[in-house]
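First the structure, in the form of structure tokens, and then the observations on it.
There are 2 protein chains.
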Amino acid sequence: MSPKPLDYESLNENVKKVAYAVRGELYLRASELQKEGKKIIFTNVGNPHALGQKPLTFPRQVIALCQAPFLLDDPYVGILFPADAIARAKHYLSLTSGGLGAYSDSRGLPGIRKEVAEFIERRDGYPSDPELIYLTDGASKGVMQILNTVIRNEKDGILVPVPQYPLYSAAISLYGGSLVPYYLEEEANWGLDINHIRQSVAAARMKGITVRAMVIINPGNPTGQCLSEASLNELLKFCFQENLVLLADEVYQQNIYQDERPFISARKILLDMGPPMSKEVQLVSFHTVSKGYWGECGQRGGYFEMTNISAKTVDEIYKVASVSLSPNVPGQIFMGLMVNPPKPGDISYLRFVAESKAILESLKRRAHIMTDGFNSCRNVVCNFTEGAMYSFPQIRLPPKAIEAAKSVGKAPDVFYCLKLLEATGISTVPGSGFGQKEGVFHLRTTILPAEEDMPAIMTSFKKFNDEFMEQYEDYRGYSRM
Amino acid sequence: MSPKPLDYESLNENVKKVAYAVRGELYLRASELQKEGKKIIFTNVGNPHALGQKPLTFPRQVIALCQAPFLLDDPYVGILFPADAIARAKHYLSLTSGGLGAYSDSRGLPGIRKEVAEFIERRDGYPSDPELIYLTDGASKGVMQILNTVIRNEKDGILVPVPQYPLYSAAISLYGGSLVPYYLEEEANWGLDINHIRQSVAAARMKGITVRAMVIINPGNPTGQCLSEASLNELLKFCFQENLVLLADEVYQQNIYQDERPFISARKILLDMGPPMSKEVQLVSFHTVSKGYWGECGQRGGYFEMTNISAKTVDEIYKVASVSLSPNVPGQIFMGLMVNPPKPGDISYLRFVAESKAILESLKRRAHIMTDGFNSCRNVVCNFTEGAMYSFPQIRLPPKAIEAAKSVGKAPDVFYCLKLLEATGISTVPGSGFGQKEGVFHLRTTILPAEEDMPAIMTSFKKFNDEFMEQYEDYRGYSRM
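Residue numbers (numbering that gives the first Met the number 0), protein chains in the order written: chain A, 0 to 480; chain B, 0 to 480.
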């Protein structure tokens, strides 16, 4: 009998090719163990609220009022909600046509897109056009839409940093394009080497691939580096020379834990360069409410901004966005709140600042605890998390461990991470899920466990790691070579 | 100079092929006119809250509390919220891992999927497995994901009713498949004729197309018919014989305005049939919080349920859902509330029932006002809206009107709808956006304008239509032939 349309054998091959390690084998095993009653520390995904981060009060008050507009007329509303939250809820409801239950325009509410444009102008020092800003259900959906627009067939290549966030590899597989990797330099704090990027492009062209887009993730995921102004400058010139659209994943722009390299947007650098480049290089920049000190992942709010993209293409992207009608409206309002937080003098200002600062400063301390913890472990080296939410230590696995992994049919880093999970409950993602150089092994963890739990987690990690190394190392072992 | 990657000339051709009339030329023109200050009655999209429908109180209270969990400990919360809303908010928060700000499992929260399964069991009389229910950001996103899973290339055909909701044609274009139309029978109240469907399949096969899936929309959009048990039976047998997966768009299952043909799910009919069919026919059924008497479009909540789909395929669908992390969590909770509304004896029960009933009964009255209104117009005939939210009158355009349309380069129905918009502010969608038989013209309006406005809208429509007919008809005109 022939297979049925939704039998595995007859599915779209691109669907089958998709791999998404962040919720892959390790996550599934961790979920099983949790069901069996084991305490799991989920550090596989940047999901701050799941690890105990409390939501910021003011935005949640505003959204609650927007969801329950009948409270705005209630004489007792002031008992539970401050006046500035009430005013802001009225403001956002006035931007909708029918409240949170009505579809918005498929690009998002015009009033919120205007607030986003004003935020971008304050940030970059250049005006931004709300008509070129589209709101999305989280940044991932925006990235997927743009990749679907760019990729025509398997000969279209997308330059992606390796290690990369697997959204990119997954979406490129799904839309049937080719991923063209460029390696980040671990020894240079995960920086870019433009010569290596040139070589990657040349190698792809030898295979008949038309490289059409370049992805950067700044600050880096999983690698945590912040790109310097000089690097951004260099890669924008490269995009200009090579006729590439730059996709700038800047979702961690609020997550910066050092002062030497503050966040600078690719857009600002591009516009600083002046013509011809500032008028020519196509750029799409992505942002979200899921990261920063907000961490409102479950709300699914995001946007992308298009620079130097023709009106005709902008209309095509609008048309495709229309097919699923509109991004969720509460998520759009979260985006408005994120780009337009309470101001000095507002009733909620001091509380908002105190809550935000507490989260950011704790993240910074956690970044240090984690890097230092990893670097204290046998055969583990780790760059400092300059930004974003992840630590990506290199694990120098002894040959015997690599052999042991092979004997059970696992990649060596998967083997290590599974053992770590079983021994400690720490749920990480093996480096192979992000890509790494041949014979080099990593894992990714978030820096998100509660600060007070962090020392115990690192102690537990160290104990596991050092025993693992003890078990698999011998006198001919890797680290003594 | 060669085009840039995001220039129109170099975009993915499938993106360009997408057409989505519901937010197409008519909608864009209506938006322009609105900006110029004209009062527009947006009946182009089923968006009840945008036309003044108030949200149901209880679910909004629950969601507001879930968004502001700090209120649950406030001694004054009882002043603004009833005890059952407070209890329900605590219940839903207990199903999350970190509240509304945390990503859920990519399939949705297990606790809500269980509530959906229980709803389906109550509705159909057969148990439902939560592991085969995936929550989505509205039904459209689910439909798109399933079509992306089924369609491998342009030789894969999807049977779609014509007139159809253009989500289907748009998504089939985007994923590079072929739409195989089957015409609904306007004279038979938009019913199915299985012989015509057989002919459509045969014709597609002659062109080398493998027909893999069949879409039904029940109750119908834009056509408003409810499928009979006999029709559903017949088409499920057809799917069995022809090895088609049935995609059952049942988003209007709560919107029924007559008693002869109550809603019956495709799943119930399938399971009633017994083996082998009940064990063999692959079925995916879609539902949403956007329709019914809820109309919570902006929240983007939906689900699909899979029947007779192998575990391996279910896992592939899970994997792809994981790439965009999770559907929005507030929308998931709306789905929980929709399938599990207040029960007799609950504090909020009577109010909830009164609000729901008022909306549904008003929709039923509006369905009658609109059908009767259209049928009172010169050269307009219209089937009764048995279910869903739309009226789809046939407009018998005189030859002179068709010529006039051609002379300005418009399809005749687009010409008529644009004139209607300019004259009255009523924003409809031309029938050509949904598909119609050659030489026959329609428009779609929702039945959603406020009931008190309805008589004036229909008077305004009649005045426009009858003058239009007067202008373009002469003694050799169509209706006198």
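Note that the Cβ used here is the ideal one computed from N, Cα and C, for glycine as well.
For residue 366/A, the CB contacts under 6 Å within the same chain, skipping 5 residues up- and downstream, are 256, 384 and 446 in chain order. Checking the DSSP bridge columns, you'll see residue 411/A has no partner listed. Around the CB of residue 406/B, fewer than 16 other CB atoms lie within 10 Å, so the residue is classed as exposed. Setting aside the 5 residues that flank it on each side, residue 8/B is surrounded in the same chain by 2, each with a C-beta closer than 6 Å to its C-beta; the list follows chain order. Using a 10 angstroms sphere on the CB of residue 93/B, the tally of other CB atoms stays under 16, which defines it as exposed.
For residue 315/B, the nearest beta carbon of chain A is closer than 9 Å to its own beta carbon.
Within chain B, 59, 60 and 63 have C-beta atoms less than 7 Å from the C-beta of residue 67/A, given in sequence order. Taking a 10 Å sphere around the C-beta of residue 418/A, we find 16 or more other C-beta atoms and assign the residue as buried. Proximity of chain A to residue 101/B at the Cβ level (cut-off 7 Å) is accounted for by 46, 48, 49, 296 and 297, in chain order.
The alpha carbon of residue 317/A has as its nearest neighbour, out of 104/A, 155/A and 239/A, the alpha carbon of 104/A.
Contact of residue 281/A with chain B by beta-carbon distance below 7 Å involves 3, 4 and 5. Under a criterion of Cβ atoms nearer than 7 Å, no residue of chain A is adjacent to residue 171/B; the nearest Cβ is some 11 Å distant. With a cutoff of 9 Å on beta-carbon distance, residue 427/B and residue 463/B are scored as not near each other. In summary, residue 466/B is exposed, with fewer than 16 beta-carbon neighbours lying within 10 Å of its beta-carbon over all protein chains present. At least one beta carbon of chain A lies nearer than 9 Å to the beta carbon of residue 293/B. Against chain B, a Cβ distance below 8 Å from residue 56/A picks out 69. Taking the C-beta atoms as reference points, residue 113/B is found nearer than 9 Å to residue 129/B.
The C-beta of residue 143/A comes closer than 9 Å to at least one C-beta of chain B. Of 68/A, 240/A, 326/A and 177/A, the smallest CA-CA separation from residue 138/B is found for 326/A.
According to DSSP, residue 285/A shares a beta bridge with 248/A and 303/A. Put simply, the backbone Cα of residue 205/B is about 29 Å away from that of residue 308/B. When rounded, the separation of the alpha-carbon atoms in residue 440/B and residue 306/A is 41 Å. For residue 244/A and residue 438/A, the gap between their C-alpha atoms comes out near 32 Å. A straight-line Cα-Cα distance of about 10 Å links residue 61/A and residue 63/B. Going by DSSP, residue 178/A is part of the beta strand (DSSP E) stretching over 177–182. Contact of residue 75/B with chain A is assigned, a C-beta pair being separated by under 9 Å. With its beta carbon less than 9 Å from one in chain B, residue 147/A belongs to the interface. For residue 427/B, the three-state secondary structure derived from DSSP is coil.
Among the residues facing chain A, residue 270/B is not included, as its CB has no counterpart in that chain under 9 Å away. In this structure, residue 50/A places its C-beta atom within 9 Å of the C-beta atom of residue 40/A. In this structure, residue 86/A lies away from residue 297/B, with their beta-carbon atoms at least 9 Å apart.
If you check the CB distance, residue 376/A and residue 391/A do not come in under 9 Å.
For the pair of segments examined, the segment 321–338 of chain B was found to touch the segment 134–150 of chain B: the number of CB pairs separated by less than 8 Å reaches three. For residue 19/A, the chain B residues whose Cβ falls inside 7 Å of its Cβ are 318, 321 and 322, in order along the chain. When the alpha-carbon of residue 229/A is set against those of 252/A, 246/A, 207/A and 262/A, the nearest one is in 262/A. Closest in alpha carbon position to residue 459/B, among 258/B, 218/B and 372/B, is 372/B.
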